[in-house]
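Novice: The working numbering puts the sequence shown at residues 113 to 335.
From the three backbone atoms N, C-alpha and C, an ideal C-beta is built for every residue, glycine too.
Before I ask anything, here is the structure I am working with.
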Amino acid sequence: MAKGKDATVRRKRRDAASLREAIVTAAAEEFEANGYAGATTAAIARRADVTEAQIFRIFDTKAELFRTAVFEPLNRHFSDFHARQLAATSDATPMRDQARAYITELQAFIESHSRMLMTLVVSQAYVRERDGAASPAGIEAMIAGLRPYFERGAAMMRSRMGDFAVSPELMVRVSFAAVLGNVLFKEWMIPGDVADDAAVRDATIAFVLDGINANDDPGLRRG
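Following this line, the structure appears as structure tokens:
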């Protein structure tokens, strides 16, 4: 009994920010290990050393917690990358070199979180199959966490180029989709006898850079 009281006191001493961080970290670990269906809020609570009631005071649903656990690390990753790019590069750095660095890091991030991201894709497909069409509200919720990521990426592209043929807002989304698809569906679409991992990474980079290079074509540029 005393041990239970000590645990309660220990939980109460954490402020709201550290409590939320503990829950999100534990959720990411649990979803990574067991997928969306296999992870339970009870298991997440044990990992975070909190109660389920504390989880649901911060997150209304398991789905909201899942989206946060997926997208917050993604946004932190890009914020860190963006800061490094601003510190390490100048306006004279070729856009191609900047794009290669971005794509390489994005590939590594998606590979390390591939199970969670695949679960996100599958959960949306399940909603579509069950209801006949994906809920607009559900789609909006799914991509809400990516919006800051896309906005930062577009802002960085705009700061490095003047005129453009393909809008940075579209380019950053197409680039993300290309990398995401080639990582998540590589085993289905590109078996080992077609190309190894290094070749797939190089092909993805070349594909995205060809799109970015469209902005160097004077005949395609627009103001």
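1. Tell me which residues share the same chain as A307 and place their Cβ nearer than 8 angstroms to its Cβ, disregarding the 5 neighbours each side in the sequence.
2. Can you name, in chain order, every residue of its own chain whose Cβ lies under 7 angstroms from the Cβ of P280, other than the five neighbours on each side?
3. Is the separation between the beta-carbon of V295 and that of I222 shorter than 8 angstroms?
4. Quick one: grab the DSSP three-state call for F319.
5. Identify which residue in S287, K298, F297 has its Cα closest to the Cα of Y214.
6. Between the alpha carbons of E299 and T173, how many angstroms are there, rounded?
7. Within 10 Å of its beta-carbon, does A138 have 16 or more other beta-carbons around it, so buried, or fewer, so exposed?
8. What three-state label does DSSP hand F276 in the structure shown?
9. Does Y148 come out as helix, strand or coil in the three-state DSSP assignment?
10. Find out if the Cβ-Cβ distance for the pair A154, E141 is shorter than 8 angstroms.
11. Three-state secondary structure (DSSP) at F171?
12. Assuming Q210 contacts R313 (C-beta within less than 8 angstroms), just tell me the rounded distance between them.
13. Please classify A151: is it buried, with 16 or more other beta-carbons within 10 angstroms of its beta-carbon, or exposed?
14. Please report how far the alpha carbon of A134 lies from the alpha carbon of A160, in whole angstroms.
15. Could you check if V121 is buried or exposed, using at least 16 other CB atoms within 10 Å of its CB as the buried criterion?
16. Using CA atoms only, rank isn't needed, just tell me which of A128, R179, Y148, D192 is closest to V162.
17. Could you check what DSSP says for R270 in three-state terms: helix, strand or coil?
18. For F319, collect the residues of the same chain with a Cβ closer than 7 angstroms to its Cβ; drop the 5 residues on either side in sequence, then sort them by chain order.
19. Find the nearest neighbour of A149 within the set E184, A195, R227, judged by alpha-carbon distance.
20. Tell me the residue span of the alpha helix (DSSP H) that contains A154.
21. Contact defined as beta carbons within less than 8 angstroms: I believe V233 pairs with A181. What is the distance between those atoms, to the nearest angstrom?
22. Quick check on DSSP: helix, strand or coil for H225?
Specialist: Judging by the given coordinates:
1. A315
2. A266, M269, R270
3. yes
4. helix
5. S287
6. 32 angstroms
7. buried
8. strand
9. helix
10. no
11. coil
12. With a Cβ gap of about 17 angstroms, Q210 and R313 do not count as contacting.
13. buried
14. 5 angstroms
15. Low local confidence applies: a pLDDT of 46 at V121 is under 50, so the model's placement there is unreliable, and no value is given.
16. A128
17. helix
18. A290
19. R227
20. 153-160
21. About 15 angstroms; that fails the 8 angstroms criterion.
22. coil
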